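All remarks here apply to the structure that follows.
Numbering (the numbering used here), first residue to last: -16 to 457.
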């Protein structure tokens, strides 16, 4: 077993009921957040490069992938929600110094989540052909959209293995390994895409010409590149969880993978509101994509690339939210509610400051960011306008992102479910319908900015109350 790091020592203080100074709380927050932020940053940069590669194929191919992006996120969110129902239990049990039970939850989570992902993959494969029609896509991009989404769905069980293993490791406080492996997955994705998307061509490097082999698969190559990278990393991730993790490796003791009602019920209580929320939020986003689709390929491409560019801004928020979930889960598991409240405000405040700085950079370099992904001037100009209006909402978006991580760590997922559904379906969707007719895609993004501000304010008000501190662990 590896020696304990400074981070492990501070986590031990939480579990042992010993005091942590404000400086120690900041240090632990930083130590848990940094690997997750770096992983998210790498993922967003690599996705940025990925989108740039597809962008070279033209607006139609970019639009076909962008059209299916929201639906892909819907399925990914459902997978993450289902895994979180078990991961939160693991964090609480470790905080309560019940590691043997935590490993039993891990075993059951692997079997249940993989079985669920297979059912989801079958459903996705069934709807992949009619889905572009339902979304209102133009006829000439439907075939490629179906091809991209169908290929993605085939590999969903492997993505689920990665989600389960990485969420379990994070719940134990191990942010470094899943972060490093997810960075590697992004690198592999770009490498695979480089050879699978483009045909064999001649490239010039430092005045010398080389023949670069390529499969020339276009949109299919983009889907296969992502799938192959996910397949490789999921196998490595589950190997580390089962054989190498200090606290959760399953070789430490014997146990059954057979699901038990107690853990399954708790997982459903946590994950069901999250799954409903993800489904309804992404469904709303799909509806918004349907609103954007009739605006044409330029608007669809600008919308897709704009979402990718904006992700460079909020990557830090999701990294801190991962840390918040672990800190809140283990603090509550240890029965330390005052420390829990302290970690909640530390993480939310840090995220708002960091995302505020990133928003300024996004506003200033909006044109350059869009120009890196698309050579089409109309796409660049429209996307940059959308990014600049969105930048104003990023600090409050941070409050919503990280508060959500806080509530998940507490096992209280019903409150954020209600907040997000009301905010997205009533505020954003309603404003989008009102503004798209007169303002086009820019109106849709203005509606998004207003809604994110509204959501962030509501989350801060909910966080200020103490009702979210209810724990699900007996």
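For every residue, glycine included, the Cβ atom is placed at its ideal position computed from N, Cα and C. Computed from a predicted model, the values in this text were never measured in an experiment.
- Only buried fits residue 303, as 16 or more other CB atoms lie within 10 angstroms of its CB.
- About 29 angstroms separates the beta carbons of residue 333 and residue 350, which is beyond the 8 angstroms limit, so they are not a contact pair.
- For residue 411, there is no enclosing beta strand (DSSP E), since its DSSP letter is neither H nor E.
- The beta-carbon separation of residue 70 and residue 143, rounded to 13 angstroms, does not stay under the 8 angstroms limit for a contact.
- Beta-bridge annotation (DSSP): residue 261 is not paired with any residue.
- Straight across, the Cα-Cα distance linking residue 282 with residue 327 is about 39 angstroms.
- CA-to-CA, the gap between residue 56 and residue 117 works out to about 17 angstroms.
- Apart from the 5 residues on each side of it in sequence, residue 178 sits with its Cβ closer than 6 angstroms to the Cβ of 197 in its chain, given in chain order.
- Separation of the CB atoms of residue 114 and residue 138 is rounded to 17 angstroms, and the pair is thereby denied contact status at 8 angstroms.
- Between the stretch 358 to 377 and the stretch 287 to 306, the count of C-beta pairs closer than 8 angstroms reaches three or more; the two stretches touch.
- In terms of Cβ geometry, residue 187 and residue 194 do not form a close pair [threshold 8 angstroms].
- Pairing residue 85 with residue 231 gives a Cβ-Cβ distance under 8 angstroms.
- Residue 177: not part of any beta strand (DSSP E); member of the alpha helix (DSSP H) spanning 159 to 179, first to last residue.
- If you compare the alpha carbons of 311, 204, 407 and 108 with that of residue -2, the shortest gap goes to 311.
- Residue 354 counts as buried, since no fewer than 16 other beta carbons sit within 10 angstroms of its beta carbon.
- Contact between the stretch 424 to 439 and the stretch 375 to 387 is established, with three or more Cβ pairs separated by less than 8 angstroms.
- If you look at residue 313, you'll find it isn't in any beta strand (DSSP E); it sits in the alpha helix (DSSP H) that goes 280 to 316.
- With three or more CB-CB distances shorter than 8 angstroms, the stretch 145 to 159 counts as touching the stretch 217 to 224.
- Between residue 317 and residue 78 the beta-carbon gap is near 4 angstroms, inside 8 angstroms, which marks them as a contact.
- In the three-state reduction of the DSSP assignment, residue 83 falls in the helix class.
- In the three-state DSSP reduction, residue 18 falls in the helix class (H, G or I).
- With 16 or more neighbouring CB atoms inside 10 Å of its own CB, residue 12 falls in the buried class.
- Just so you know, the alpha carbons of residue -9 and residue 242 end up roughly 30 angstroms apart.
- Nearest Cα to residue 306 within the set 21, 407, 3 and 2: 21.
- Note on residue 249: 16 or more other CB atoms within 10 angstroms of its CB, so buried under the neighbour-count rule.
- Annotation for residue 192: the continuous beta strand (DSSP E) segment containing it runs 191 to 198.
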